[in-house]
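In our numbering, the protein residues as written are 1 to 584.
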């Protein structure tokens, strides 16, 4: 409590310092272990030993309690992030105990400031035969909550409190106040409660803070320098990393960087441990010294849905999706300004952010950036990704990432409003999407002209259906409409771009590939009408250097429909599109 949830450690120190001064004793750092996190009786006994005064322990403890209580009543301040964390726990119905070495009278003062309804149980120095650093308080709290201590996460700010919680068998989140606390197995150390949230506490309770147990890195080549990182994959961050197993060439620095020059081909596994004992396995695919670095390229288009903000723990969930999908380069839409950089930094990847809405992240270096979207965020941006660079070979791919205006929406015009086909096409032009794709294709024209030398990709959320899907055979899926020559997809095709999903799955009846929307089975107007399920997210390509091996849509878990989405495993309202290309 003191120093963890409220800023009272300094007040306690001031109170002890005041009483010590009256006893003609000057406190130093050497006194910290006998003052911070200790019950008042322990500190009183320490002062008596240090000063040799004739005052009784009970009288000195009363003096300390009086001085401290006066300061708490006047100057109690919640620690940064404390109330937010407590509210998050309360909102999710997670039982919470207050465990303190302070007496009941002081605890009640603090509870009045924090709100007693934020805690299910309170255990004070008055409630157990022994208090911190003995395990009794945490054992009592776990018993009162009806759970084993091993299922509990204790949040502590002093070595004394940490010792008590660990002796009881709890996992610990330490947020040091005045005394440093090192990381240790089963213990996580953060600089502030502002870095903590409910998903982090759940990860600590589960015994592993890494967002995935294992992941695959970019390719390495025998004899060439290699690096990757695991630091950004640890929930809550912090701590020193060590290599626990793996090939001799692989080294792991304390900041979580994996370096070295691979000495043999194949997939090399490096196991890395964080200071709290959490582990992750990095799988490093290594090619021979004379082999191409990249033979296959996995490309993803993903609308993050307002950066992912409607879903709890969205950044960690996004990282898990990307790592589990084992993708190489990703076009992101609805990035909310920061998602591109944050994801790339966590992964140790390269990135390009254009405006507040569009971004590209890549395992392989981004060597050029071009194109800016409109202030609205709609439009496109492009990059050059270098897949290989040796004295004999330079292999690039040009990638554009687009997001087109969303309204009016063609499938609504057709399936819900029953407008005739000419009106559908007219509305597509009125939406601005046709003009947007024409502008994008003009910007892409120089690259498309040399696509057989440097392959070209166009990814994105087009908010428009494809003429390849709305065929006569597929008309029953689209309210009886078909064929419809949707102009956005037609324009891309006429410019020489091929649809990778339809290349892999030519039949729109057996493989519709809908990406809008896994969260909207019903139209949001409340009418009870079914939401048109359509394919509006794309990976298009041009150039002889790319051959489609496979293409799929991706949604993880079983997401609940909107608006009950906060707990979803899938942190978006779109399905993603992933295409695997052979690279020549």
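Ideal Cβ positions, reconstructed from N, Cα and C, are used throughout, including at glycine.
Out of curiosity, what's the CA-to-CA distance linking residue 541 and residue 458?
Here residue 541 corresponds to residue number 541 of the chain shown, with the count starting at 1. Here residue 458 corresponds to residue number 458 of the chain shown, with the count starting at 1. About 6 Å.
Any chance you could list the alpha helix (DSSP H) runs of at least 4 consecutive residues sitting entirely within the segment 152-209, in chain order?
Runs of the alpha helix (DSSP H) inside the segment 152-209: 159-168 and 198-206.
Assign residue 578 to one of three DSSP states: helix, strand, or coil.
Position 578 of the chain shown, counted from the start, is the residue given in the question as residue 578. Strand at residue 578.
Using 8 Å for Cβ pairs, my map puts residue 470 next to residue 483. What's the rounded Cβ distance?
The residue given as residue 470 occupies position 470 in the chain shown. The residue given as residue 483 occupies position 483 in the chain shown. Rounded to whole angstroms, the Cβ separation of residue 470 and residue 483 is 6 Å, and the two are in contact under 8 Å.
Considering only DSSP beta bridges, list what residue 68 is partnered with.
Here residue 68 corresponds to residue number 68 of the chain shown, with the count starting at 1. According to DSSP, which records beta bridges pairwise, residue 68 is partnered with nothing at all.
Tell me, please, whether the segment 68-81 touches the segment 102-116 by the rule of three or more beta-carbon pairs shorter than 8 Å.
Contact holds: three or more Cβ-Cβ distances are below 8 Å.
Beta-carbon gap between residue 89 and residue 122 smaller than 8 Å
Indexing the chain shown from 1 puts residue 89 at position 89. Indexing the chain shown from 1 puts residue 122 at position 122. Residue 122 sits away from residue 89, with the two beta carbons spaced by 8 Å or more.
Counting along the chain, where does the alpha helix (DSSP H) carrying residue 552 start and finish?
The residue given as residue 552 occupies position 552 in the chain shown. Premise fails: residue 552 lies in the beta strand (DSSP E), 546-554, not in any alpha helix (DSSP H).
If you reduce the DSSP assignment to three classes, tell me which class residue 12 lands in.
The residue labelled residue 12 in the question sits at position 12 within the chain shown. When DSSP states are grouped into helix, strand and coil, residue 12 belongs to the helix group.
Would you give the residue range spanned by the beta strand (DSSP E) that residue 296 belongs to?
What you label residue 296 is simply residue 296 of the chain shown in a count that begins at 1. Following the DSSP letters along the chain, one finds residue 296 inside the beta strand (DSSP E) bounded by residues 296-303.
Among 496, 217 and 277, which residue has its Cα nearest to the Cα of residue 207?
For the purposes of this step, residue 207 is taken as residue 207 along the chain shown, with counting starting at 1. Ranking the options by Cα distance to residue 207, first place goes to 277.
Would you kindly check if the distance between the Cβ of residue 171 and the Cβ of residue 217 is under 8 Å?
Taking the first residue of the chain shown as 1, we reach residue 217 at position 217. Taking the first residue of the chain shown as 1, we reach residue 171 at position 171. It is not a contact, given that the beta carbons lie outside the stated cut-off.
Can you tell me whether residue 209 is buried or exposed, with buried defined as 16 or more other CB within 10 angstroms of its CB?
Working through the chain shown from its first residue, we reach residue 209 at position 209. If you draw a 10 Å sphere on the C-beta of residue 209, you find 16 or more other C-beta atoms in it, and that means buried.
For residue 41 and residue 205, I'd like the C-alpha separation in whole angstroms.
By one-based count along the chain shown, residue 41 stands at place 41. By one-based count along the chain shown, residue 205 stands at place 205. Answer to the nearest angstrom: the Cα atoms are 33 Å apart.
N- and C-terminal bounds of the alpha helix (DSSP H) containing residue 88:
Sequence index remark: in the chain shown, residue 88 carries index 88 (1-based). Where residue 88 is concerned, the enclosing alpha helix (DSSP H) stretches over 82-91.
Limits of the beta strand (DSSP E) - the one that residue 367 falls within:
Numbered from 1 along the chain shown, position 367 holds the residue referred to as residue 367. Taken as a continuous stretch (DSSP letters only), the beta strand (DSSP E) holding residue 367 covers 366-370.
Counting beta carbon pairs with one atom in the segment 503-521 and one in the segment 557-568, are three or more of them shorter than 8 Å?
Contact between the segment 557-568 and the segment 503-521 is present, because at least three Cβ pairs lie under 8 Å.
Secondary structure of residue 268, DSSP reduced to three states
Within the chain shown, numbered from 1, the residue matching residue 268 stands at position 268. In the structure shown, residue 268 sits in a strand (DSSP, three-state: E or B).
Assuming contact is defined by CB atoms lying nearer than 8 Å, are residue 307 and residue 338 in contact in what I supplied?
What you label residue 307 is simply residue 307 of the chain shown in a count that begins at 1. What you label residue 338 is simply residue 338 of the chain shown in a count that begins at 1. Yes.
Distance, Cα to Cα, residue 535 vs residue 566?
Numbered from 1 along the chain shown, position 535 holds the residue referred to as residue 535. Numbered from 1 along the chain shown, position 566 holds the residue referred to as residue 566. Using only the alpha carbons, I get a separation of about 24 Å.
What is the rounded straight-line gap between the Cα of residue 220 and the Cα of residue 287?
In the chain shown, residue 220 corresponds to position 220, counting from 1. In the chain shown, residue 287 corresponds to position 287, counting from 1. Rounded to the nearest angstrom, the two C-alpha atoms are 6 Å apart.
If you follow the alpha helix (DSSP H) that residue 318 is part of, which residue opens it and which one closes it?
Translated into the one-based positions of the chain shown, residue 318 becomes position 318. Looking at the DSSP string, the run of the alpha helix (DSSP H) that includes residue 318 is 314-325.
Should the segment 176-184 be regarded as contacting the segment 259-267, the criterion being three or more beta carbon pairs within less than 8 Å?
Judged by Cβ distances under 8 Å, the segment 176-184 makes no contact with the segment 259-267, as fewer than three pairs qualify.
Any 3 or more C-beta pairs closer than 8 Å across the segment 424-431 and the segment 398-410:
Judged by Cβ distances under 8 Å, the segment 424-431 makes contact with the segment 398-410, as three or more pairs qualify.
Please identify the residue among 144, 21 and 465 whose C-alpha is closest to the C-alpha of residue 424.
Locating residue 424 in the chain shown gives position 424, where the first residue counts as 1. Residue 424 has its Cα closest to that of 465, out of 144, 21 and 465.
Apart from the five residues on each side of it in sequence, which residues of its chain come closer than 6 Å, Cβ to Cβ, to residue 23?
As a first step, residue 23 is located in the chain shown; it is residue number 23 there, counting from the start. Sequence-distant partners of residue 23 (beyond 5 residues in either direction) whose C-beta falls short of 6 Å from its own C-beta, in its chain, are 51 and 53.
Continuous alpha helix (DSSP H) stretch holding residue 620: start and end
The structure shown does not extend to residue 620, since the chain is modelled only from 1 through 584, so no value can be given for it.
Residue 123 bridges to which residues according to DSSP?
Within the chain shown, the letter at position 123 stands for residue 123. Residue pairing by DSSP places residue 123 opposite 99 in a beta bridge.
Using 8 Å as the Cβ pair cut-off and three pairs as the minimum, do the segment 323-337 and the segment 357-373 touch?
In short, these stretches touch, since the Cβ pair count reaches three.
For residue 396, count neighbouring C-beta atoms within 10 Å of its own C-beta (all shown protein chains included) and say buried if the count is 16 or more, exposed if not.
Counting from 1 along the chain shown, the entry for residue 396 is found at position 396. Within a 10 Å sphere around the beta-carbon of residue 396 sit 16 or more other beta-carbons, which makes this residue buried.
Out of 366, 79 and 412, which has the shortest C-alpha to C-alpha gap to residue 530?
Here residue 530 refers to the residue found at position 530 when the chain shown is read from its first residue. Closest in alpha carbon position to residue 530, among 366, 79 and 412, is 412.
Determine the burial state of residue 91: buried for a count of at least 16 other Cβ atoms within 10 Å of its Cβ, exposed for fewer.
Residue numbering aside, residue 91 sits at position 91 when the chain shown is read from its first letter. By the 10 Å Cβ count, residue 91 comes out exposed.
CB-CB under 7 Å to residue 138, same chain, minus the five flanking residues each way: which ones, in chain order?
Here residue 138 refers to the residue found at position 138 of the chain shown. Answer for residue 138: 99, 149, 154, 164, 165, 168 and 170, listed in chain order.
Burial state of residue 244, where buried means 16 or more other Cβ atoms lie within 10 Å:
In the chain shown, the residue the question calls residue 244 occupies position 244. When all chains shown are included, residue 244 counts as exposed.
In terms of residues, what are the limits of the alpha helix (DSSP H) holding residue 446?
The residue labelled residue 446 in the question sits at position 446 within the chain shown. Start and end: 433-449.
Three CB pairs or more closer than 8 Å across the segment 570-582 and the segment 293-301
With the cut-off at 8 Å, the segment 570-582 and the segment 293-301 touch.
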